[in-house]
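Those protein sequences? They're chains W and S, same order as listed. Read in order, the letters of the first sequence are residues 1 to 227 in our numbering. Read in order, the letters of the second sequence are residues 1001 to 1221 in our numbering. By construction, the Cβ of each residue, glycine as well, lies at the ideal position given by its N, Cα and C atoms. Predicted model, so just to flag it, every value in this text is computed and none were measured.
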Amino acid sequence: MSGKPKLYYFNGRGKMESIRWLLAAAGVEFEEEFLETREQYEKLLQDGSLLFQQVPMVEIDGMRMVQTRAILSYIAAKYNLYGKDLKERALIDMYVGGTDDLMGFILMFPFLSAEDKEKQRAFIVQKATSRYFPAYEKVLKDRDFLVGNSFSWADVHLLEAILMVEEKKSDVLSGFPQLQAFKARISSIPTIKKFLEPGSQRKPVPDDKYVETVRRVLRMYYDVKAN
Amino acid sequence: MSGKPKLHYFNGRGRMEPIRWLLAAAGVEFEESFVEKKDDLTKLQKDGSLLFQQVPMVEIDGMKMVQTRAIANYIATKYNLYGKDLKERALIDMYVEGIFDLNELFMNYEIQPADKKEQHFANMMDKATNRYFPAFEKVLKDHGQDFLVGNQLSRADVQLLEIILMAEECKPDILAKFPLLQSFKARISNIPTIKKYLQPGSQRKPPIQPEEVPKVIAIFH
């Protein structure tokens, strides 16, 4: 038992990626166990490790935590990335809610048909540029960090979202100078810079192999529709 | 300006209902401003009240809060319904997130097209009886206490009661195999603030009627 958090998920982004980002940003080393077979998943089910029979699951501080938001909130609070008081926490929660919604549109992307992928790409870019990016651009007008003049979970989550949307349209930040500066600034924070380098535990854009593994392990064979 | 929180949403459950439950459980009086047509939503969007152009929005303590979880987290913390430390909060968050997932299924049921409704209903009932309710029955069994976390009332108890009642509206005997959830339901329903919220005349909203669905879709889409 190393004492390090241990992440149970597929070898890919999915819902676990935001957790990897936050741990990395906090400078916390973590281990990973990748689900590759149905048997591994059934073993986790049988030994009662998964409260709602789902992953992500993270072993941390003697708990087997499930539910992405619960895990993220715990890590943020533990490592002082959740603001200094209730009002800052409220702002962080609001901003993270927005980036969570935005990244949610991208989460299902790999599972879509080729035709639906094009529709979804347009949908993602439209929502990013008309709803989410303008909101954060405005917040960042007078400040370096989203909340309370110090680095928080909200900044990590927004950077993650920006990079994911840029993978769908590389010039998507062109109307957003504050976000461009934010991206450069947050990317050069040492722990984040390290996570962005090759060889880190950051996962690449999901591919067909990832989709096939998820479908096989979860027996999730239904069609996923675009928004 | 009354000082009371003011809720902006349509006159129905949707994503605002868990927030109404929490405020009611905490004994906090609140006002409501109902979005009845698309113009009402557009007006809020145009005056900059909605960070991401969406409701729910709650005016509280000088903030215009959006995002259901953010609002619920703030209320729960302010009114001591979020456990006494980080570990209790972790447990509460896990339970509440599971309940949110089940609530999504209930919320989406009414807007399913006719040919998808039956399958959606079956999935909803299956998840309630085979995934979520067994998990909470086990939590109560394992510690033998009256409340889900830390031996005191928390938002997890309030939100679990809410979802139990919604499930029973769909299938009245859904708790048949869950004796501890049955006594939990009776116990939590009897807490004075909650008892009051369950009485006619409270701000609790009824389930959406099928004929209202097109009107709601028109506001939001």
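Item	Value
Distance CB(residue 1012(S))-CB(residue 1205(S)) smaller than 7 Å	yes
7 Å Cβ cutoff, residue 1052(S) in contact with chain W	yes
Any chain W beta carbon closer than 7 Å to residue 1119(S)	no
As assigned by DSSP and simplified to three states, the class of residue 130(W)	helix
7 Å Cβ cutoff met for residue 1025(S) and residue 1163(S)	no
Range of the contiguous alpha helix (DSSP H) that encloses residue 1102(S)	1086 to 1109
Supposed close pair residue 158(W), residue 99(W) - CB separation, criterion 8 Å	5 Å
Within-7 Å CB hit, residue 1077(S) to chain W	yes
Alpha-carbon to alpha-carbon, residue 28(W) and residue 3(W)	11 Å
C-beta neighbour in chain S for residue 52(W), strict 7 Å	yes
Where the region 99 to 122 of chain W meets chain S: residues whose CB sits under 7 Å from a CB there	none
Contact with chain W by residue 1070(S), beta-carbon distance below 7 Å	yes
Where residue 76(W) meets chain S, residues with beta-carbon distance less than 9 Å	Residues of chain S passing the Cβ test: none, with the nearest at roughly 10 Å.
Selection from 23(W), 123(W) and 18(W) that minimises the alpha carbon distance to residue 69(W)	18(W)
For residue 165(W) and residue 1087(S), the rounded distance between their alpha carbons	34 Å
Test: residue 1082(S) CB closer than 7 Å to a CB of chain W	no
Minimum C-alpha distance to residue 1094(S) - residue among 1189(S), 1156(S) and 1004(S)	1156(S)
Within chain W, partners of residue 1097(S) - CB distance below 7 Å	67, 69 and 70
Inter-stretch contact (C-beta, 8 Å, three-pair minimum) for the region 74 to 91 of chain W and the region 148 to 158 of chain W	yes
Buried versus exposed, by CB contacts within 10 Å (16 or more), residue 1080(S)	exposed
Euclidean distance between Cα positions of residue 1151(S) and residue 1069(S)	23 Å
Three-state secondary structure assigned by DSSP to residue 1136(S)	helix
Distance CB(residue 1004(S))-CB(residue 1029(S)) smaller than 7 Å	yes
Any chain W beta carbon closer than 7 Å to residue 1123(S)	no
Contacts around residue 13(W), its chain only, beta-carbon distance under 7 Å, and the 5 residues preceding and following it disregarded	203 and 206
Range of the contiguous beta strand (DSSP E) that encloses residue 282(W)	An answer regarding residue 282(W) cannot be provided, because it is not within the stretch 1 to 227 covered by chain W.
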